[in-house]
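K.L.:
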Amino acid sequence: MKSVALHNLGCKVNGYEMDVMQQMLQEKGYNIVPFDEAADIYIVNTCTVTNIADRKSRQMLHRAKKNNPHAIVVAVGCYVQTGADAVKKDDAIDLAIGNNCKKDIVSVLEEYLRQQESETVTHIIDINHTGEYEEMKLTKTAEHTRAYIKIQDGCNQFCSYCIIPYARGRVRSRSEEDILSEVRGIVEAGYQEIVLTGIHISSYGIDRGDSELLQLLSKLHDIDGLRRIRLGSLEPRIITEEFVEKLSGMYKICPHFHLSLQSGCDAVLARMNRRYTTGEYFRTTQILRKYYSDPAITTDVIVGFPGESEEEFHATQEFVSKVQFSEMHIFKYSRRQGTVAADMENQLTEAQKARRSALLMEAEKQMSRDYRKNFIGRGAEVLFEEKKEIDGEMYWVGHTPQYVKAAKRSDGTEDLCNRIVRGTIAGFLDEDIMLLK
5 MKSVALHNLG CKVNGYEMDV MQQMLQEKGY NIVPFDEAAD IYIVNTCTVT
55 NIADRKSRQM LHRAKKNNPH AIVVAVGCYV QTGADAVKKD DAIDLAIGNN
105 CKKDIVSVLE EYLRQQESET VTHIIDINHT GEYEEMKLTK TAEHTRAYIK
155 IQDGCNQFCS YCIIPYARGR VRSRSEEDIL SEVRGIVEAG YQEIVLTGIH
205 ISSYGIDRGD SELLQLLSKL HDIDGLRRIR LGSLEPRIIT EEFVEKLSGM
255 YKICPHFHLS LQSGCDAVLA RMNRRYTTGE YFRTTQILRK YYSDPAITTD
305 VIVGFPGESE EEFHATQEFV SKVQFSEMHI FKYSRRQGTV AADMENQLTE
355 AQKARRSALL MEAEKQMSRD YRKNFIGRGA EVLFEEKKEI DGEMYWVGHT
405 PQYVKAAKRS DGTEDLCNRI VRGTIAGFLD EDIMLLK
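Okay, so the sequence shown: first residue is 5 according to my numbering, each after it adds one.
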């Protein structure tokens, strides 16, 4: 059977879909090999969130063809969806499969192998005019303790900097029955923690009218053997008093909430079309802290958005300091053709964006350390994931429900992988890891 090398670019949703595609190929007998090795078929799951992501996607596709000029190179996903014309003209690409066709990877590939056409063959649907959720089901994952579960696709928000609604289409929710079936199978396979992921999981159910995120969470919470439910990125507006009160009654929900901020300045948020103010955002953090003790509140921030003045950047600095996030992901604004923001005036220089990014990263480093310091001397439950050497000694390393990384010294005999162990946080083992005793 032919060998296949796969490479994934982009988000957790892409990662989930890549795992499923690899699983389907393995079930059909294909031999999976590392991407750097010679292979008969190369599959690149592409990303298009920025112009840089587009370029990286093209680079990986050309690298695959260079590895083996006689191989079949398959481009899959978002870059294919938004750049169909460029894909058809690219001599490095033999087969292109858009979003909502990934589930057909095996049949499409085998049809191509039978015909071996000379020009690029494309399988791309009009993603913006489909209400069909592409059902893909995972039975195993590369991680041994945590499984990512995709519950929806698409986004209706149309933030001014974002191409994703054009690459992924409108909100399409997966049926409760299919999600619950997949999670039961994952739990039976030994996984104790799941992470719910999607392009905009806060919108789960709005297209179906027969479900909503809270209802799904309640049913997941009732699954025997499932110990932890972790939520992917949430829209701040979903965090209401009623939502959090009900959520706090589900003890399996990890107190770890990723609420994308993007800017701490109201004027910039308006230009981004984010549909909330900093005041509304701050109230969501206060609601979470009312119902949870020391919840991990993480976020994304974009610096250097078109027209961002020094005063507007300082407003962001002051706001993130006021919230005190446990972790921030800082991104320099990247111009993406096809979005409203790409045509805005007053585009900032790379030097301006780099300076602002460095300032926020320094603030993030201190906030993250201050947050983790709060747990010293307190009890914690850690789901251990791997064994690794730290400063010459072996430790088991995992995460608390708040996603604080913690390690316990190995005695050389026990196997703690995929076990939840309770202990006391004794202090910092290194810059990023706490010590569990």
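Positions of the beta carbon are idealized from the N, C-alpha and C atoms, including for glycine.
Below 9 Å between beta carbons: does that hold for residue 301 and residue 266?
P.N.:
no
K.L.:
Do you know offhand how far residue 110's Cα is from residue 393's?
P.N.:
40 Å
K.L.:
Can you tell me whether residue 308 is buried or exposed? The criterion is at least 16 other CB atoms within 10 Å of its CB, across all chains shown.
P.N.:
buried
K.L.:
Count the other C-beta atoms from every protein chain shown that fall within 10 angstroms of the C-beta of residue 213, then say buried if there are 16 or more, exposed otherwise.
P.N.:
exposed
K.L.:
Nearest to residue 260 by CA position, among 270, 272, 237, 280, is which residue?
P.N.:
With distances taken between Cα atoms, residue 260 lies closest to 237.
K.L.:
Report yes if the C-beta distance between residue 381 and residue 428 is below 9 Å; otherwise report no.
P.N.:
When the beta-carbon positions are compared, residue 381 and residue 428 come within less than 9 Å of each other.
K.L.:
Hey, residue 295 and residue 249 are a contact pair by Cβ (cut 8 Å); roughly how many whole angstroms apart?
P.N.:
6 Å
K.L.:
Counting C-beta neighbours from all protein chains within 10 Å, is the total for residue 5 16 or more, i.e. buried, or is it exposed?
P.N.:
exposed
K.L.:
Can you list, in chain order, the residues of its chain whose CB lies under 6 Å from that of residue 273, leaving out five sequence neighbours each side?
P.N.:
267
K.L.:
Pull up the distance between the alpha-carbon of residue 318 and that of residue 358, whole angstroms please.
P.N.:
15 Å
K.L.:
For a quick check, are the C-beta atoms of residue 387 and residue 412 less than 9 Å apart?
P.N.:
No, Cβ-Cβ distance for residue 387 and residue 412 is not below 9 Å.
K.L.:
Give me, in chain order, the residues of the same chain whose beta-carbon lies closer than 6 Å to that of residue 407; leave out the 5 immediate sequence neighbours on both sides.
P.N.:
Result list for residue 407: 260, 300, in chain order.
K.L.:
Going by alpha carbons, who is nearest to residue 76 out of 95, 279, 46, 87?
P.N.:
46
K.L.:
Measuring alpha carbon to alpha carbon, tell me which of 61, 315, 93 ends up nearest residue 79.
P.N.:
61
K.L.:
When DSSP labels each residue in this structure, what does residue 153 get in the three-state scheme?
P.N.:
If DSSP states are grouped into helix, strand and coil, residue 153 belongs with the strands.
K.L.:
State the start and end residues of the unbroken beta strand (DSSP E) segment that holds residue 66.
P.N.:
Where residue 66 is concerned, there is no enclosing beta strand (DSSP E), although the alpha helix (DSSP H) it sits in stretches over 55-71.
K.L.:
Can you tell me whether residue 317 is helix, strand or coil according to DSSP?
P.N.:
helix
K.L.:
Confirm, please, whether the CB-CB distance from residue 99 to residue 49 is below 9 Å.
P.N.:
no
K.L.:
Smallest Cα separation from residue 218: which of 322, 235, 231?
P.N.:
Restricting attention to 322, 235, 231, the CA atom closest to the CA of residue 218 is found in 235.
K.L.:
If I measure Cβ to Cβ from residue 421 and keep anything under 8 Å in the same chain, skipping five residues before and after, which residues do I get?
P.N.:
148, 149, 388, 389, 390, 391, 400
K.L.:
What is the residue span of the alpha helix (DSSP H) that residue 286 lies within?
P.N.:
Judged by DSSP secondary structure, residue 286 falls within the alpha helix (DSSP H) whose first and last residues are 282-295.
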